[in-house]
Amino acid sequence: MDRILIRGGRPLSGEIPIGGAKNAALPLMAAGLLTAERLVLTNVPQLADIATMRALVAQHGVAVEPRGNDGRTLAIGGAITNTEAPYDIVRKMRASVLVLGPLLTRVGEARVSLPGGCAIGTRPIDLHLKGLEQMGAAIRLDGGYVHASAPQGLHGADIVLAMPSVGATENLLMAATLADGQTVIANAAREPEISDLADCLAAMGARIEGIGTDRLTVEGVGRLHGATHAIIPDRIETGTYACAAAITGGSLHLRHARLDHLGAVVRVLAEAGVEVTEQDDGVTVRRLNGLHGTDAMTEPYPGFPTDMQAQLMALMSVAEGAAMITETIFENRFMHVPELNRLGARVNVHGASAIVRGVAALSGAPVMATDLRASVSLVLAGLAARGETLVNRVYHLDRGYEAVEQKLAACGAAIERLPG
Ligand code: UD1
Numbered sequence: 004m005d006r007i008l009i010r011g012g013r014p015l016s017g018e019i020p021i022g023g024a025k026n027a028a029l030p031l032m033a034a035g036l037l038t039a040e041r042l043v044l045t046n047v048p049q050l051a052d053i054a055t056m057r058a059l060v061a062q063h064g065v066a067v068e069p070r071g072n073d074g075r076t077l078a079i080g081g082a083i084t085n086t087e088a089p090y091d092i093v094r095k096m097r098a099s100v101l102v103l104g105p106l107l108t109r110v111g112e113a114r115v116s117l118p119g120g121c122a123i124g125t126r127p128i129d130l131h132l133k134g135l136e137q138m139g140a141a142i143r144l145d146g147g148y149v150h151a152s153a154p155q156g157l158h159g160a161d162i163v164l165a166m167p168s169v170g171a172t173e174n175l176l177m178a179a180t181l182a183d184g185q186t187v188i189a190n191a192a193r194e195p196e197i198s199d200l201a202d203c204l205a206a207m208g209a210r211i212e213g214i215g216t217d218r219l220t221v222e223g224v225g226r227l228h229g230a231t232h233a234i235i236p237d238r239i240e241t242g243t244y245a246c247a248a249a250i251t252g253g254s255l256h257l258r259h260a261r262l263d264h265l266g267a268v269v270r271v272l273a274e275a276g277v278e279v280t281e282q283d284d285g286v287t288v289r290r291l292n293g294l295h296g297t298d299a300m301t302e303p304y305p306g307f308p309t310d311m312q313a314q315l316m317a318l319m320s321v322a323e324g325a326a327m328i329t330e331t332i333f334e335n336r337f338m339h340v341p342e343l344n345r346l347g348a349r350v351n352v353h354g355a356s357a358i359v360r361g362v363a364a365l366s367g368a369p370v371m372a373t374d375l376r377a378s379v380s381l382v383l384a385g386l387a388a389r390g391e392t393l394v395n396r397v398y399h400l401d402r403g404y405e406a407v408e409q410k411l412a413a414c415g416a417a418i419e420r421l422p423g
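Given below as C-alpha cells:
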C-alpha cells in the first residue's frame, strides 16, 4: 500500500486546478443508465471511485467509453442486459446504490446489494426504499440484497423525506424522470451536486421544477435522450485546498473553483481569519494574520458540510483559542481525532461535539486514517507540522483526491508518495 511522506512547515503558494466533483460525477454516471442514447459527461475526475462506478455501470451491459484524449470525457448509454449490482462492487463504494432508481424505472427491476455499514456510521438506505415503494415498487430484502420490481413501471408519488438525504433525493429524482405522472420530493437535499444532476436530467429531456430548492417536482416522460453535460467543480476539493493555504499560512489560487457553491465554508474560514475571494477563473485563498478558533456545526447544504469537518478540525488544531466542532450528519465521524492528537493536537470529543484547543505547533508522526476526508485532514496537519509525517492507507485519499501530492508539491509542499 502506498504511503505519503510530508515534511511540514512550508507556506504554500501558487495555483491548484480543481477537478470535477466526485459526488456529482457518481450520480451522473448512474443517470447514464436512464437512456439507450449516449450521455456524454465532461470534466470527469480521475479517481478510484469513478473507476468503481465505471465498472458497475458497465457490468449492467451499458457502454462506458472514454472520448477524446484528456481521459475526462465519458460516453455512457445502451441496452441494460443485467440488473444486478453485486456485493463485490457495492461494498467498495456506497454510492453504488444510486443505480437502483435508474434500473428500476427503466427496466422494471433491480437487484442491488445492501451497502452495509461503513467507517463513518451505519448509513441506512431506508429513505431510498420507502420512496421507491411509494412509487409502486415491490421491495424485498433477502440474502443481503434489495430485490426491487415494478413490472408495470413506477408511478408518480408525493414523497416527504424524513431528512434531506443526498443519495435518496438523487435516487428518487432519477426514478421519477421515467415514472408515470407527477412526483413531488419534499424536504429534498439541496446540495449543488443534486442541482447538477437535475440540470443534466433536464438536458436529457426530463421535466423537473424547483431545481436548487427543497421541493422537486418531476413530470414523468416516456423516454430520455442523449445529452452532453460538464460536471461542476468539486467544492470539497476546493475547501480542502483552501484549508491547505490557511494551515500553512500561504496563499493559493484555486482555478475553476466556484465561490457560490462553498456555502457556509467561506463564512467559517472568514471568521477564522482566512480570506476567500472570487476571481474570473476561480477563487483565491489567503491567510490574513493569525488563525482564530471558530465554532462550526455540520448541516445539510448550504450549511457547513460534513465532508469538510475533518479538514476544519486540522485547521483549528493550530488556531489561537478553542473551537467547538459539532457533527450532526453522521454518528461516527471523529475517527481522525486520535490521529490528529498523535500529531500533537488537543482535541476532546464529547458526544457529537469535539473541543479543539489550538496549539502553537504540531509535530510530525506516522498516522493512518479510516476514510477519505479523515485521510486528507492528516495530510493538512502534516503540511503544518514540524518534521516528518507519514500518512498510511493512502488508498482512501485516491478515492476522492486526484494527484493530491502533485498538486501540493507544485505549490511548494515537501510531499511525496512512497509506493507500497
Ligand atoms: C452523500 C455524499 C457524502 C456526504 C453525504 C452528506 C455522495 C456520493 N456522498 O452521501 O460524501 O458526506 O452525502 O452530505 O454524494 N440516511 C438515512 N436513511 C437513508 C439515507 C440517509 O437515515 O435512507 C441518513 C444517513 O445515515 C446520514 C444522513 O441521512 O446520517 C445523511 O446521509 P445522505 O445525505 O444520504 O448521505 P449520502 O448520500 O450517503
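Each number in my numbering corresponds to the 1-based position in the sequence shown with 3 added. From the three backbone atoms N, C-alpha and C, an ideal C-beta is built for every residue, glycine too. All of these numbers come straight from a predicted model, not from anything done at the bench.
### Task
Mind checking which residues open and close the beta strand (DSSP E) that includes Ala113?
One-based indexing of the sequence shown puts residue 113 at position 110. Counting along the chain, the beta strand (DSSP E) containing Ala113 begins and ends at Glu112 to Ser116.
### Query
Taking buried to mean at least 16 other C-beta atoms within 10 Å of its own C-beta, is Asn26 buried or exposed?
To locate residue 26, count along the sequence shown from 1; it is residue 23. Asn26 should be labelled buried.
### Query
When every heavy atom of the ligand UD1 is checked, does at least one fall within less than 7 Å of the C-beta of Arg97?
The count along the sequence shown starts at 1 and reaches residue 97 at position 94. At least one heavy atom of the ligand UD1 is nearer than 7 Å to the Cβ of Arg97, so yes.
### Query
Alpha carbon to alpha carbon, how far is Val352 from Glu334?
In the sequence shown, residue 352 corresponds to position 349, counting from 1. In the sequence shown, residue 334 corresponds to position 331, counting from 1. Answer to the nearest angstrom: the Cα atoms are 12 Å apart.
### Where Gln314 falls, given that 16 or more other Cβ within 10 Å makes a residue buried
Looking up residue 314 in the sequence shown gives position 311. So Gln314 ends up on the buried side.
### Query
Should Tyr404 go down as buried or exposed, given a rule of 16 or more other Cβ atoms within 10 Å for buried?
Residue mapping note: residue 404 aligns to position 401 of the sequence shown, counting from 1. Burial call: buried.
### Task
Let me know if Arg226 comes out buried or exposed under the rule of 16 or more other beta-carbons within 10 Å of its beta-carbon.
Locating residue 226 in the sequence shown gives position 223, where the first residue counts as 1. With fewer than 16 other beta carbons inside 10 angstroms of its own, Arg226 counts as exposed.
### Message
Could you give the first and the last residue of the continuous beta strand (DSSP E) run that contains Gly78?
### Response
As a first step, residue 78 must be located in the sequence shown, where it is residue number 75. The sequence given here places Ala at residue 78; Gly does not occur at that position. Secondary structure note for Ala78: its beta strand (DSSP E) is the uninterrupted segment Leu77 to Gly80.
### Limits of the alpha helix (DSSP H) - the one that Pro422 falls within
As a first step, residue 422 must be located in the sequence shown, where it is residue number 419. Unbroken run through Pro422: none, as it is neither H nor E.
### Task
With DSSP as the reference, label Leu157 as helix, strand or coil.
As a working mapping, residue 157 is identified with position 154 in the sequence shown. In the structure shown, Leu157 sits in coil (DSSP, three-state: anything other than H, G, I, E or B).
### Task
Measure the alpha-carbon distance for Met327 versus Phe307 and round it to whole angstroms.
Position 324 of the sequence shown, counted from the start, is the residue given in the question as residue 327. Position 304 of the sequence shown, counted from the start, is the residue given in the question as residue 307. Using only the alpha carbons, I get a separation of about 13 Å.
### Query
In the DSSP assignment, what are the bridge partners of Glu196?
Taking the sequence shown and counting its residues from 1, one reaches residue 196 at position 193. When DSSP reads this structure, Glu196 sits in no beta bridge, so it has no partner.
### Task
Check whether the Cβ of His131 sits closer than 7 Å to any heavy atom of the ligand UD1, and report yes or no.
The count along the sequence shown starts at 1 and reaches residue 131 at position 128. Yes, the ligand UD1 has a heavy atom inside 7 Å of this Cβ.
### Query
At a cut-off of 7 Å, is Asn26 close to the ligand UD1 when judged by its beta-carbon and the heavy atoms of the ligand?
Sequence index remark: in the sequence shown, residue 26 carries index 23 (1-based). Asn26 Cβ: within cutoff of the ligand UD1.
### C-alpha gap between Leu365 and Leu200, whole angstroms
For the purposes of this step, residue 365 is taken as residue 362 along the sequence shown, with counting starting at 1. For the purposes of this step, residue 200 is taken as residue 197 along the sequence shown, with counting starting at 1. Taken atom to atom, the span from the alpha-carbon of Leu365 to that of Leu200 is near 41 Å.
### Query
How many whole angstroms separate the CB atoms of Ala417 and Arg13, which I take to be in contact at a CB cut-off of 8 Å?
Counted from its first residue, the sequence shown places residue 417 at position 414. Counted from its first residue, the sequence shown places residue 13 at position 10. Going by Cβ atoms, the distance from Ala417 to Arg13 rounds to 6 Å, so yes, they are a contact pair.
#### Entry: Through-space distance from Glu196 to Asp217, alpha-carbon basis
Along the sequence shown, read from residue 1 onward, the residue named residue 217 stands at position 214. Along the sequence shown, read from residue 1 onward, the residue named residue 196 stands at position 193. Roughly 13 Å between the two C-alpha positions.
### Message
Our contact map puts Ala88 next to Val102 with C-beta atoms below 8 Å; I'd like the distance itself, whole angstroms only.
### Response
In the sequence shown, the residue the question calls residue 88 occupies position 85. In the sequence shown, the residue the question calls residue 102 occupies position 99. Yes, they are in contact, since the Cβ atoms of Ala88 and Val102 sit about 5 Å apart, within 8 Å.
### Query
In three-state DSSP terms, what is Thr38?
Stepping through the sequence shown from its first residue, residue 38 is reached at position 35. Taken through DSSP and simplified to helix, strand or coil, Thr38 comes out as coil.
### Message
For Arg226, list the residues DSSP reports as bridge partners.
### Response
What you label residue 226 is simply residue 223 of the sequence shown in a count that begins at 1. DSSP lists no partner for Arg226.
### Query
Does the region 39-52 touch the region 272-287, meaning 3 or more C-beta pairs lie closer than 8 Å?
Contact annotation: the region 272-287 does not touch the region 39-52, with fewer than three C-beta pairs closer than 8 Å.
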